[in-house]
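Single-structure report; data block below.
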Amino acid sequence: MIIQTEGLAKRFGRHDAVRNLNLAIPEGATCALIGANGAGKTTTMRMLGNLLAPDHGRARVLGVDSRALSREDRQRIGYLSESQQLPERLSVDGFFQYLRSLYTNWDAGLECQLRERFELPATRALGKLSRGMRLKAMLIGVLAFRPKLLLLDEPLSGLDPLVRDEVMSEILGQAEGTTILISSHELEELESCTTHVAFMAHGQLLFQESVESLGARLRDVAATLAGAVDRGALPATWLNVQVDGPLLRFVDTAFVDEAGLQAQLQRCCGTTLHLESQALSLRELSKALIRATRKEA
Amino acid sequence: MKTRTGVLLAVLRKDLRLFWPLALLIGGLRAASAIPHLIEGSDSIAILAQIAIPLLTAFLVLVVLHEDPVVSLTHDWLTRPIPGTKLLVAKALFLVLAIFVPWILSRTVYELVQGHSLGESLLAGLTSGADRTQLLPILALMAFAAITSGIRQAFVVALVGVAILMLVRLPRSSSFEGPLLLSATGSGWVASEGAALLLALGAGLVLWMQYRHRRTWLARGIASATPVVAYAVMATITWQTAFAVQKSLSRDPAAAALVDVGMAENCFSIRDTAAAGVSRNGDQRVALDPDEYASVKRAGFGALAFTTRLISHSIPEGHRLAVAHVDFSYQAESRLVVRPTNISPRLVKGAGEVGIVSSNRWLLTLEEQQRLAATPGVESHFVYSLSLLQPVAAATIEAGAPRRYLAGIGYCSATATANVMQTPPHVIHVDCFKPGEQPAQLIAALESATENLVHMRSTDFTPAALELWDGKYFNVALFTSEVPAPRVRLTAYEARAHFDREIVVPGVLGGPLATCPLVPATETSP
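For the protein sequence lines, the chains are E and X, in the order given.
Just so we're aligned, residue 5 is where the first sequence starts under our numbering, counting upward by one.
Just so we're aligned, residue 9 is where the second sequence starts under our numbering, counting upward by one.
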């Protein structure tokens with residue numbers, strides 16, 4: 005595992021930001037860390053990047069305890085966050101000159117290529133760049149040393165769709181073979197590349213799974229029933245149940261096959277006149293899970 | 009290049025790119041202030057520069073460290089392969105380049121222009137530009153920057169700190185003046201170096217804690233406690249403690265046995281208590297000085313002022329005896345009866361060869377005199393704290409001769425000037441610079457049979473280990489009526505032993521009342 009945490013926890017005052025987090029991300033995976041605001045995603049990212057010390061538990065990153073990451077380990081980890089503060093008065097040129105001397109594995113050719121593609125103004129101060137330009141500069145700063153692990157905390161936040169596409173295509177294009185843990189609310193851009201999903205709510209990791217397994221297990225279900233719905237008899241694995249007369253809509257989190265679903269419907273709601281089930285997009289999945297956890301809270 | 013040193017250079021280059029105008033300004037100002045008398049005096053530019061230099065320097069320290077703050081979760085450096093300790097070293101290097109190097113270079117060039125050797129010039133530059141008084145505030149500021157997240161927070165915390173200090177007001181007691189009193193005895197280093205060492209250790213620990221472990225709250229705790237502890241050390245250290253430390257460092261404690269001292273007179277000299285001219289002790293009367301007069305006046309009707317003097321009967325050849333402190337009390341059957349008020353200007357320090365080595369003045373109120381007169385078997389108990397100084401280096405220099413290095417004394421030269429308008433008309437200026445370990449005392453005397461002019465630097469017993477980075481100047485003017493080109497004898501002394509000597513004298517004023525009667529004033533004010 006490239007990332008493995010055991011009982012990771014962090015508390016700020018009385019607030020448990022992260023509780024007993026056990027996360028495992030295999031090498032080469034692109035894992036989307038999703039959850040509502042305040043779910044503990046950023047705190048988790050910061051602990052993995054050793055920006056923050058955990059109160060309990062430990063995290064192993066690239067096989068090393070995150071608290072003991074050496075300079076050499078750091079040369080293999082790219083960390084990018086929406087809230088990252090750059091040396092604002094440094095010019096773009098100055099910034100890359102500075103970064104070049106920090107990494108033994110810096111790929112000057114890749115830097116050059118990306119800078120050309122992103123059309124970054126060489127002499128402009130970082131603080132005077134637009135949000136998109138700034139993010140592009142940061143992105144080159146984490147891609148040009150060809151990291152083994154990329155920790156990306158809300159990298160797409162506040163960007164227009166065009167820039168989001170550009171950024172994602174570069175991440176995907178240049179980070180081949182790189183393990184990526186990305187937290188984002190812009191899930192549409194992640195859809196095509198995500199191999200794993202980890203969902204956090206209220207500081208806890210509710211599940212982590214491969215996209216295939218999730219796609220098979222989670223279904224958006226719409227059914228037209230002959231009789232009334234007995235809400236008390238609905239299975240706990242159905243989330244966000246909406247009843248509108250004979251129409252029943254929910255997210256089935258334990259879908260196996262249509263026959264099984266039919267049987268479940270028969271037990272709780274009687275005859276089903278019409279049944280439709282389809283796989284959820286990452287965005288829909290996230291929305292459904294967030295909604296469900298809000299209700300629980 | 010991309011080695012560990014490469015990281016240092018990368019951060020250093022980045023900071024130079026960002027802060028070179030400010031660094032250049034401060035470097036220039038400090039280079040100018042390294043030249044003696046260039047930025048001194050009372051004109052407005054000089055005053056402005058004297059205020060601006062420390063403020064700008066402090067600002068530079070804060071902005072450079074806050075560019076990559078430790079108290080942060082979002083700054084870029086935290087995500088890069090930059091070990092905290094390397095970052096700290098890079099920042100320290102930048103500050104050395106911006107703050108210390110310009111001073112050192114400027115002072116070195118100045119010394120060279122003065123005709124001093126390259127070695128002396130470099131040492132003078134280094135010891136004046138990067139001495140402890142300059143390094144410690146920078147270190148403390150770095151520690152402060154390490155526990156604050158930005159210049160704004162640092163400014164607010166500093167303001168709050170100053171406000172709290174002004175509101176609470178540090179408790180002022182007589183003991184707070186301890187270090188001041190101690191400094192006059194040569195043992196001041198015990199308090200001042202102790203506090204400086206604590207501050208340096210505290211600042212170092214804060215920097216280590218932050219840049220190595222990023223334990224901000226612990227570092228903030230240490231940063232808050234350190235000045236309190238350092239202040240407590242300064243405020244509470246007593247003479248006894250300081251001298252006990254000093255005694256424990258004596259090189260040859262047995263040498264104390266070679267010293268024979270006693271009280272100079274059979275009856276202590278009674279001071280002429282005020283303009284009232286009431287003292288009747290005949291030819292032993294001595295006029296009061298203004299400080300004594302005020303003390304006598306406060307003591308009220310019938311107060312008695314008198315002088316005690318310590319004389320050394322014999323000390324080892326060439327040695328000197330320094331008196332740091334005297335404790336005087338009246339006792340009867342080992343019981344304290346009265347402790348007379350010392351009206352000498354604070355601790356009286358003396359140093360001399362054979363002869364009078366110390367003179368102290370005391371005051372007894374009328375009530376105390378009556379109590380003493382009524383107590384049978386009263387004795388005067390004196391405990392003198394003494395230091396025996398041994399000559400360790402001596403050399404003779406001639407006025408006008410080239411400056412040279414004298415082992416144990418330093419780089420020295422003397423110049424003679426004449427001014428017929430003054431008496432005596434000739435002045436010999438002695439100028440010495442001693443880097444590193446300093447003598448406990450340095451004395452310049454005109455090598456002349458007819459005139460015995462002696463100038464000395466006050467004793468300072470700071471251990472050699474704490475003086476390695478010091479550089480001190482010894483500048484004196486010897487006035488003489490001799491013909492030009494006289495020779496000056498320079499002698500450096502080191503402390504051989506520090507010891508206490510107790511002297512017990514019967515009676516109140518040096519003998520039984522019948523021999524040395526109490527003669528109080530009838531009035532204490534005109």
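In this text, a Cβ means the ideal position worked out from N, Cα and C, and glycines have one as well.
Just so we're clear, the structure is a prediction, and the values are computed from it rather than from any experiment.
For chain E, is any of its Cβ atoms less than 7 Å away from the one on residue i?
i: residue 84/X; result: yes
i: residue 32/X; result: no
i: residue 255/X; result: no
i: residue 20/X; result: no
i: residue 220/X; result: no
i: residue 14/X; result: yes
i: residue 224/X; result: no
i: residue 26/X; result: yes
i: residue 73/X; result: no
i: residue 411/X; result: no
Identify the continuous alpha helix (DSSP H) that holds residue i and give its terminal residues.
i: residue 115/X; result: 109–121
i: residue 115/E; result: 112–122
i: residue 318/X; result: Premise fails: residue 318/X lies in the beta strand (DSSP E), 312–322, not in any alpha helix (DSSP H).
i: residue 161/X; result: 159–176
i: residue 92/X; result: 92–103
i: residue 169/E; result: 165–178
Please report whether the beta-carbon of residue i lies at a distance below 7 Å from any beta-carbon of chain X.
i: residue 98/E; result: yes
i: residue 133/E; result: no
i: residue 79/E; result: yes
i: residue 143/E; result: no
i: residue 266/E; result: no
i: residue 89/E; result: yes
i: residue 75/E; result: yes
i: residue 105/E; result: yes
i: residue 114/E; result: no
i: residue 55/E; result: yes
i: residue 50/E; result: yes
i: residue 62/E; result: no
Between the beta-carbon of residue i and the beta-carbon of residue j, is there less than 7 Å?
i: residue 19/X; j: residue 95/X; result: yes
i: residue 65/X; j: residue 112/X; result: no
i: residue 135/X; j: residue 443/X; result: yes
i: residue 207/E; j: residue 21/E; result: yes
i: residue 202/E; j: residue 280/E; result: no
i: residue 371/X; j: residue 313/X; result: yes
i: residue 496/X; j: residue 424/X; result: no
i: residue 188/E; j: residue 213/E; result: no
i: residue 339/X; j: residue 387/X; result: yes
i: residue 72/X; j: residue 102/X; result: yes
i: residue 87/E; j: residue 246/X; result: no
i: residue 25/X; j: residue 98/E; result: yes
Comparing C-alpha positions only, which one of the options sits nearest to residue i?
i: residue 71/E; options: 435/X, 91/X, 265/X, 320/X; result: 91/X
i: residue 59/X; options: 37/X, 74/X, 80/X, 71/X; result: 37/X
i: residue 87/X; options: 50/E, 130/E, 100/E; result: 50/E
i: residue 504/X; options: 514/X, 449/X, 512/X, 495/X; result: 449/X
i: residue 419/X; options: 402/X, 426/X, 425/X, 433/X; result: 402/X
i: residue 112/E; options: 222/E, 60/E, 144/E; result: 144/E
i: residue 138/X; options: 114/X, 161/X, 160/X; result: 114/X
Take the Cβ of residue i as the centre, count every other Cβ of all protein chains shown within 10 Å, and call the residue buried at 16 or more, exposed below.
i: residue 320/X; result: buried
i: residue 150/E; result: buried
i: residue 116/E; result: exposed
i: residue 224/E; result: buried
i: residue 514/X; result: exposed
i: residue 310/E; result: Since the displayed chain E opens at 5 and closes at 301, residue 310/E lies outside it and no answer follows.
i: residue 133/X; result: buried
i: residue 165/E; result: exposed
Looking at the secondary structure, which residues open and close the beta strand (DSSP E) in which residue i lies?
i: residue 336/X; result: 328–340
i: residue 7/E; result: 7–16
i: residue 214/E; result: 208–214
i: residue 479/X; result: 479–488
i: residue 254/E; result: 251–256
i: residue 187/E; result: 183–187
i: residue 221/X; result: That residue, residue 221/X, is in no beta strand (DSSP E); it is neither H nor E in DSSP.
i: residue 412/X; result: 412–414
Can you find a CB in chain A that lies within less than 7 Å of the CB of residue i?
i: residue 154/E; result: You won't find chain A in this structure, because its protein chains are E and X.
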